[in-house]
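Data block below; observations after.
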Amino acid sequence: AADALDVMDAAGAPVCGVLGISMGGLIAQSLVLSHPERLSALILGCTSHGGREAVPNPPEFVSACAAWASEPSPNESPMVDAFLRYTLPMPDAPHGDTSPQSTDPAFFSKLKASFVETRRTSVGLQGQVGAMMRFNSTARLHEISCLTIVITGDRDGAVPMQNSQSLARRIPGAELAIVEGAGHFWWARRTVDVAQLLTEALLLSDEQWKARSEA
323 AADALDVMDA AGAPVCGVLG ISMGGLIAQS LVLSHPERLS ALILGCTSHG
373 GREAVPNPPE FVSACAAWAS EPSPNESPMV DAFLRYTLPM PDAPHGDTSP
423 QSTDPAFFSK LKASFVETRR TSVGLQGQVG AMMRFNSTAR LHEISCLTIV
473 ITGDRDGAVP MQNSQSLARR IPGAELAIVE GAGHFWWARR TVDVAQLLTE
523 ALLLSDEQWK ARSEA
């Protein structure tokens, strides 16, 4: 969260809307709870509040992440395929299906090529897995007061959809958006619809923030 705040400061942005996806959703929650005055909108994608009241990640997915994090060169590891297949079940696939047939080959190949462009290290991935296991914002979610949208795919095989539903119930005034037929990477399935949803939310948050500032 401190790094995100530094980026905002470096960009000269005293206030902004924040989108946090998966692990980024944990960071976004930490940011809004530590610096609520800096956020005009909070968008949480396929993430969780953690703690005992959260629905755990599937054990097989956690094991795959741990194995991937132990690889000396994560982006060159075959575990990249295992991770991505947990995140992209096809609309007609069983929930959590991680077989090669659960994703379109051409789409999968294109996504993987883009995915590995981001530099990853074993130390970084191990830290991410550890943070996901320890995070718990449950008791403080009622403090969030900015415009909040929680988004999830209804076939998320990595972070169960129930976690997004729980977040939306616990954050005052939060809106829940469920992307039908989408997995963990929900934006990859209905890109135009998702882009429109995010654009409308951010424009609304700007209007609300301006109205509060002028009051």
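Read in our numbering, the sequence shown has 366 at position 44, and its numbers run on one by one without any break.
Glycine included, each C-beta is placed from N, C-alpha and C at the ideal position.
When the options are compared against residue i, the one with the closest alpha-carbon
{"i": "residue 461", "options": "374, 395, 431", "result": "374"}
{"i": "residue 498", "options": "333, 397, 324, 523", "result": "523"}
{"i": "residue 562", "options": "407, 331, 463, 469", "result": "With the chain covering 323 to 537 only, the question about residue 562 has no answer from this structure."}
{"i": "residue 520", "options": "395, 364, 441", "result": "364"}
{"i": "residue 535", "options": "392, 360, 372", "result": "360"}
{"i": "residue 430", "options": "403, 442, 355", "result": "403"}
{"i": "residue 349", "options": "372, 334, 335", "result": "372"}
Beta-carbon proximity list for residue i, same chain, < 6 Å, skipping 5 on both sides
{"i": "residue 409", "result": "480, 505, 506, 507"}
{"i": "residue 502", "result": "476"}
{"i": "residue 491", "result": "none"}
{"i": "residue 351", "result": "459"}
Straight-line gap, residue i to residue j (C-alpha atoms, nearest Å)
{"i": "residue 459", "j": "residue 487", "result": "15 Å"}
{"i": "residue 346", "j": "residue 537", "result": "32 Å"}
{"i": "residue 496", "j": "residue 464", "result": "10 Å"}
{"i": "residue 399", "j": "residue 405", "result": "10 Å"}
{"i": "residue 381", "j": "residue 407", "result": "15 Å"}
{"i": "residue 415", "j": "residue 456", "result": "Because the pLDDT at residue 415 is just 46, under 50, the model does not fix this residue reliably, and the value given afterwards should be weighed accordingly. Near 31 Å, if we compare the C-alpha coordinates of residue 456 and residue 415."}
{"i": "residue 509", "j": "residue 483", "result": "15 Å"}
{"i": "residue 309", "j": "residue 325", "result": "Absent from the model: residue 309. The displayed extent of the chain is 323 to 537, so no value can be given."}
{"i": "residue 478", "j": "residue 528", "result": "30 Å"}
{"i": "residue 394", "j": "residue 451", "result": "16 Å"}
{"i": "residue 489", "j": "residue 454", "result": "16 Å"}
Own chain, CB closer than 8 Å to residue i, minus 5 neighbours either side, in chain order
{"i": "residue 344", "result": "367, 368, 369, 480, 481, 506"}
{"i": "residue 329", "result": "none"}
Chain-order list of residues whose beta-carbon lies under 7 Å from that of residue i (same chain, five-residue window excluded)
{"i": "residue 357", "result": "327"}
Counting Cβ pairs, one atom from each stretch, are 3 or more of them under 8 Å apart for the stretch 447-457 and the stretch 332-341?
no
Whole alpha helix (DSSP H) runs in the stretch 377-407 with 4 or more residues, listed along the chain?
381-391
contact_flag[the stretch 513-527, the stretch 467-479] where n(CB pairs < 8 Å) is 3 or more
yes
Which runs of the alpha helix (DSSP H), 4 residues or longer, sit entirely within the stretch 426-502?
427-437, 444-456, 483-492
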